[in-house]
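Remarks on the structure that follows.
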Amino acid sequence: MRDIKLITDNIKGFVSEKDIRFVYKPIKLINEALNKKECPGKDFVGWIDLPSKMPEKLIRDIEQTAKKVRANCDVFLNLGIGGSYLGARAAIEFLKPSFFNESKEEKPKIYFAGHNLSADYLKGLFRVLENKKIIVNVISKSGTTTETAVVFRIIKQYMEQRYGKKNTRNRIIATTDAQKGALKKFAEEEGYKTFVIPDDIGGRFSVLTPVGLLPIAVAGINIRELLKGARDFEKKCNSNSTRKNIAFRYAGIRHILYKQGKIIEMLSGFHPALQYIGEWCKQLYGESEGKSGKGIFPAYCAFTTDLHSLGQLIQEGKRNLFETFIVIDRSKAKFSVPKFKDDVDGLNYLAGRDIEFINKKAYEATAKAHYKGGVPNMTIVIPKRSAYALGQLFYFLEKTISIAGLLDGVNPFNQPGVEAYKKEMFKLLGKPSA
Ligand code: PA5
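At position 135 of the sequence shown (counting the first as 1) the number is 144 in this note's numbering, and the numbers step up by one without a gap.
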């Protein structure tokens, strides 16, 4: 099995190997502190040894629950936002076939809500819930997040009207804090099946807890493979060997580029299956680094689509960007370009070529053009769309960003700024204690 890798050829002229060696010194110290859980934010680094310490009993509970869910519903509806939503969605969109919810064979359909406050979205959701057997998974560590809590009220009422209060009990699962919060209280009062979000793991680092693992398992994905990938990269990314540790290299290069004024990182994927990986990264990077007037702004670009919209700006706009491509080396499907006798569109030169070959050339060309245009870039290569590779990726990026935040002198494990909009919103909504 091949590992994911990091290609850094297109940083030459921006970052030297000497610069990288220099930044490895503080990175090694940070790595040691992180591994010993002795860094700023140390109460929230439970994710660091999570893959290797995951209790077998919990894995079995998740698998058995997922099996029951798969047998007893047509729709598995997940309610959550931020870290209680993005990891599961990223994994499912990455690993399931495109349009999986549209396919007849696919059961259960997996839907998400509670990550927005749109009435039209809910109306659309209720249309697809009609006449379907539903199981709901509500995920919230605090149990008080407005978006999720409001939508949960609406869904709970709908479920109780459809199934009766008693039968609804077996159709709602709650993933929340072990002791506190409104959702915990609901779960106790109503007798829902619950899963616990560990105290020492923040939302954006929780994909390998039941927050992510239950929906992923319900989608029919092998969570043991996912955890194995993460475990293998836990070993690699926690080692102090600068040669082998791609988290060191990625964090170090990002830091050097940031100090040169490259304040925006474009994460550019060449496959629609990567879109929610991009969304997950935006939260992981943005919430971890963006504080105390510091931080790299993470953006996701869906290529080649966005080459026809953002391409101009990236190529010739303000030179405050660097780019991290995410590519999938081997695609599952093959589609070759047919040969046309008349060659009206002039594409016969590509006849017989696989569309993924063209995609690969598009990536290589983009990396070259952007580099020549003053956008240094790196590439994360994922060998294939497998749970094992995804486990590696999740761990690699969590470790990279933790190192990056600490290198920049911030606590990567808190998110005090997220409260500001909530305070203003509560005032506007007339919340009694606001
Ligand atoms: O990273 C974070 O902590 C946040 O983005 C949360 O994940 C998000 O606000 C959801 O919080 P909760 O799980 O408490 O509903």
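Glycine included, C-beta positions come from ideal geometry on N, C-alpha and C.
>> Let me check you understand the geometry: is the CB of E296 closer than 8 Å to at least one non-hydrogen atom of the ligand PA5?
In response: E296 has its CB nearer than 8 Å to a heavy atom of the ligand PA5.
> In terms of alpha-carbon separation, which member of V137, F334, L192, F53 lies closest to G89?
Replying inline: Of the listed residues, the one whose Cα sits closest to G89 is L192.
> Between the region 345–362 and the region 404–423, do three or more beta carbon pairs fall short of 8 Å?
Replying inline: Cβ pair count under 8 Å is below three, so no.
> Secondary structure at D129, three-state DSSP: helix, strand or coil?
Replying inline: D129: helix per DSSP, three-state reduction.
>> Can you determine whether any heavy atom of the ligand PA5 sits closer than 8 Å to the C-beta of T153, and answer yes or no?
In response: The nearest non-hydrogen atom of the ligand PA5 is less than 8 Å from the C-beta of T153.
> What's the C-alpha gap between W289 and R213?
Replying inline: The straight-line gap from Cα to Cα measures roughly 8 Å.
>> Please report the straight-line C-alpha distance between K76 and K440, rounded to a whole angstrom.
In response: Each residue's alpha carbon lies about 41 Å from the other.
> What is the C-beta distance between T203 and T185, in whole angstroms, given that I count them as a contact (C-beta under 8 Å)?
Replying inline: Separation of the CB atoms of T203 and T185 is rounded to 7 Å, and the pair is thereby assigned contact status at 8 Å.
> Using the beta-carbon count (16 or more within 10 Å), is M10 buried or exposed?
Replying inline: Exposed, by the Cβ-count rule.
>> Using CA atoms only, rank isn't needed, just tell me which of I364, W56, A360 is closest to A342.
In response: With distances taken between Cα atoms, A342 lies closest to I364.
> Per the contact definition of three or more C-beta pairs closer than 8 Å, is the region 158–169 in contact with the region 102–114?
Replying inline: The region 102–114 is not in contact with the region 158–169.
>> Nearest by alpha-carbon distance to K150: which of D129, K118, A196, Q170 is it?
In response: Between K150 and the set D129, K118, A196, Q170, the nearest pair of CA atoms involves A196.
>> Starting from P60, trace the alpha helix (DSSP H) in both directions and tell me its first and last residue.
In response: Where P60 is concerned, the enclosing alpha helix (DSSP H) starts and stops at 59–62.
>> Given a cut-off of 9 Å on the beta-carbon distance, is the pair E332 and I305 in contact?
In response: It is not a contact, given that the beta carbons lie outside the stated cut-off.
> For A342, does the three-state DSSP call read helix, strand or coil?
Replying inline: If DSSP states are grouped into helix, strand and coil, A342 belongs with coil.
> DSSP puts P307 in a beta bridge; with which residues?
Replying inline: E274, per the DSSP bridge assignment.
> If you drop the 5 nearest sequence neighbours on each side, which residues of the same chain put their C-beta closer than 8 Å to that of K303?
Replying inline: Cβ within range, chain order: D417, G418, V419.
>> Any contact between the region 221–229 and the region 115–129? By contact I mean 3 or more CB pairs, one from each, below 8 Å.
In response: Yes: the two stretches touch, three or more of their Cβ pairs being nearer than 8 Å.
> Given N140, which residues of its chain have a CB within under 8 Å of its CB, disregarding the five upstream and five downstream residues?
Replying inline: In its own chain, leaving out the 5 sequence neighbours on each side, no residue places its CB closer than 8 Å to the CB of N140.
>> I need the DSSP call for I181, collapsed to helix, strand or coil.
In response: I181: strand per DSSP, three-state reduction.
> If you pair each beta-carbon of the region 385–405 with each one of the region 229–239, do three or more pairs fall below 8 Å?
Replying inline: The count of Cβ pairs closer than 8 Å, one atom from the region 385–405 and one from the region 229–239, reaches three, so the stretches are in contact.
> If we ignore side chains and look at the alpha-carbon of each, how far apart do R437 and T74 end up?
Replying inline: The question names Arg, but residue 437 in the sequence shown is Leu. About 40 Å.
>> Count Cβ pairs between the region 253–273 and the region 361–377 that sit closer than 8 Å; are there 3 or more?
In response: Flag = no, the region 253–273 and the region 361–377 do not touch.
> If you drop the 5 nearest sequence neighbours on each side, which residues of the same chain put their C-beta closer than 7 Å to that of G270?
Replying inline: Spatial neighbours of G270 in its own chain (CB-CB distance under 7 Å, excluding positions within 5 residues in sequence) are listed in chain order as N329.
>> Please classify P307 as buried or exposed, where buried requires at least 16 other C-beta atoms within 10 Å of its C-beta.
In response: That one is buried.
>> Are the CB atoms of V32 and L43 within a distance shorter than 9 Å?
In response: In this structure, L43 keeps its C-beta atom at 9 Å or more from the C-beta atom of V32.
> Among E428, P421, F405, which residue has its Cα nearest to the Cα of I13?
Replying inline: That would be F405, whose Cα lies nearest to the Cα of I13.
> Buried or exposed: P421, going by 16 or more other Cβ atoms within 10 Å of its Cβ?
Replying inline: Of the residues assessed, P421 falls on the buried side of the cut-off, its CB having 16 or more other CB atoms within 10 angstroms.
> Is the beta carbon of S248 sitting closer than 9 Å to the one on S93?
Replying inline: With a cutoff of 9 Å on beta-carbon distance, S248 and S93 are scored as not near each other.
>> If you reduce the DSSP assignment to three classes, tell me which class N420 lands in.
In response: Annotated three-state conformation of N420 is coil, per DSSP.
> Is H264 buried or exposed, if buried means 16 or more other CB atoms sit within 10 Å of its CB?
Replying inline: Its Cβ being crowded by 16 or more others within 10 Å, H264 is buried.
> Going by C-alpha distance, which of Y285, G295, A360 is nearest I335?
Replying inline: Nearest to I335 by alpha-carbon distance, out of Y285, G295, A360, is Y285.
> Is the beta carbon of I39 sitting closer than 9 Å to the one on C48?
Replying inline: Their beta carbons are under 9 Å apart, which means I39 touches C48 by this criterion.
>> Considering only their Cβ atoms, is the gap separating D338 from I391 smaller than 9 Å?
In response: Yes; because the gap between Cβ atoms is below 9 Å, this pair is in contact.
> Any chance the CB of G284 is under 8 Å from a heavy atom of the ligand PA5?
Replying inline: As written in the sequence, residue 284 is Gln, which differs from the Gly given in the question. Result no, Cβ not under 8 Å from the ligand PA5.
>> I need the DSSP call for I90, collapsed to helix, strand or coil.
In response: In the structure shown, I90 falls within a coil segment according to DSSP collapsed to helix, strand and coil.
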